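Numbering (our numbering), first residue to last: 10 to 332.
Even for Gly, the Cβ is constructed at its ideal location relative to N, Cα and C.
Note that the coordinates shown come from a computational prediction; the quantities given were computed from them, not determined experimentally.
Scroll down for the structure; my scribbles are underneath it.
This is the structure in structure tokens:
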């Protein structure tokens, strides 16, 4: 642990991530806030790993402002904007080195600015906690239903059964099951001994009060149900839909075009369902290409921008588990 980062001190402390790295390279204004009220569960909340995902940054700063040590049972740390340079540009990629921060974990201590920050988090910060909560939204390109998924491994303090309870505790309609990507923060953390959940929802280039409140209330409910936030446990929906997502659930653009979605986000569809029309962008014909769902399920993600290039993702379904 860096001598300048003391996560064991009681109270509410603010740390400048710039001062924790030997070569910050533009990482000014990134902060880590630690709220410690003694023994108990420990959680770290992270947002803004993609700079164009602003709901997490809004919600996590709100929590920093609202919460005091007396609200906490144990320890809660919050990093509202992991990728500050990208946030200032409204980009998924850091302008410092062109990296997608959520594809460089576990990082490189002697690498670029983004790689060094990832290495610092993976080696020195994440292992201090029971649970990592990585907060995402759809960013500028996609709209996403509120959903949660998670990862654990032998040696993590939160095991499989407790992780299921954590995900149920968020109260979201959808729990997603996907293979972890080892280069993401949530996918890498179990190898550092820390279970993780990733939450999604909202965006599409704008911020709405509804999306912000769903994200905020889900986090508060989840933290209460985990036991790190004081107060009565939040009510959890019994109508949770568990979905599997694989490459086969994705529907891609066969050519350049303009997307017209034909089903609502979150709607149930059958295999072969026409989920979108892809209108031509050249020539005299107005005949669109019908885009079909390759697998039955629920629409979890839709491209927000109307224009799409050949091979780009239009959206994806999640296939309901039969259990």
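Collapsed DSSP secondary structure at residue 312 in the structure displayed: strand
Backbone CA spacing between residue 142 and residue 206 [nearest angstrom]: 5 Å
Unbroken stretches of the beta strand (DSSP E), 3 residues or longer, contained in the segment 257–313: 259–261, 266–270, 283–288, 298–301, 306–312
Alpha-carbon to alpha-carbon, residue 17 and residue 10: Note that residue 10 scores 36 on pLDDT, short of 50, meaning its location in the model is unreliable; the coordinates nonetheless yield the value given after this. Answer to the nearest angstrom: the Cα atoms are 11 Å apart.
Straight-line gap, residue 12 to residue 174 (C-alpha atoms, nearest Å): Low confidence applies here, because residue 12 scores a pLDDT of 45, under 50, leaving its location unreliable; read the following figure in that light. Taking the straight line from one Cα to the other gives about 35 Å.
Exposure label - residue 304; buried when at least 16 CB within 10 Å: buried
Secondary structure of residue 221, DSSP reduced to three states: helix
Straight-line gap, residue 223 to residue 156 (C-alpha atoms, nearest Å): 11 Å
Unbroken stretches of the beta strand (DSSP E), 3 residues or longer, contained in the segment 29–109: 40–45, 51–56, 84–88
Supposed close pair residue 252, residue 185 - CB separation, criterion 8 Å: 6 Å
Given 8 Å, three or more beta-carbon pairs between the segment 120–131 and the segment 281–293: no
Buried or exposed by the 16-neighbour rule on C-beta atoms within 10 Å, applied to residue 66: buried
For residue 205, the first and last residue of its enclosing alpha helix (DSSP H): Unbroken run through residue 205 is the beta strand (DSSP E), 204–211; no alpha helix (DSSP H).
Beta-carbon proximity of residue 300 to residue 286, cut-off 8 Å: yes
Local conformation of residue 138 per DSSP, three classes: coil
Cα-Cα separation between residue 214 and residue 313, rounded to whole angstroms: 7 Å
8 Å contact criterion, which residue 117 and residue 60 should meet: CB distance rounded: About 20 Å; that fails the 8 Å criterion.
Residue burial classification, residue 331 (beta-carbon count within 10 angstroms, cutoff 16): exposed
Residue 174: first and last residue of the uninterrupted alpha helix (DSSP H) it sits in: 169–178
Touch test, the segment 164–171 against the segment 219–233, Cβ-Cβ under 8 Å, three pairs minimum: no
Reference residue 235; option with closest CA among 204, 221, 105, 254: 204
Same chain, Cβ closer than 7 Å to residue 322, neighbours up to 5 away in sequence not counted: 259, 261, 312
Residues near residue 47 by beta carbon distance below 6 Å, same chain, minus five either side: none
Residue 27 - containing beta strand (DSSP E), residue span: No beta strand (DSSP E) contains residue 27, which DSSP labels as neither H nor E.
From 216, 278, 74, residue whose alpha carbon lies closest to that of residue 148: 216
Residue 229, DSSP secondary structure in three states: helix
Same chain, Cβ closer than 6 Å to residue 238, five either side skipped, listed in chain order: 232
Beta-carbon proximity check, residue 50 vs residue 82, cutoff 8 Å: yes
Residue 151 - partner residues in DSSP beta bridges: 312
CA nearest to the CA of residue 105, picked from 42, 92, 20, 188: 92
Buried versus exposed, by CB contacts within 10 Å (16 or more), residue 139: buried
Residues near residue 110 by beta carbon distance below 6 Å, same chain, minus five either side: 58, 92, 123
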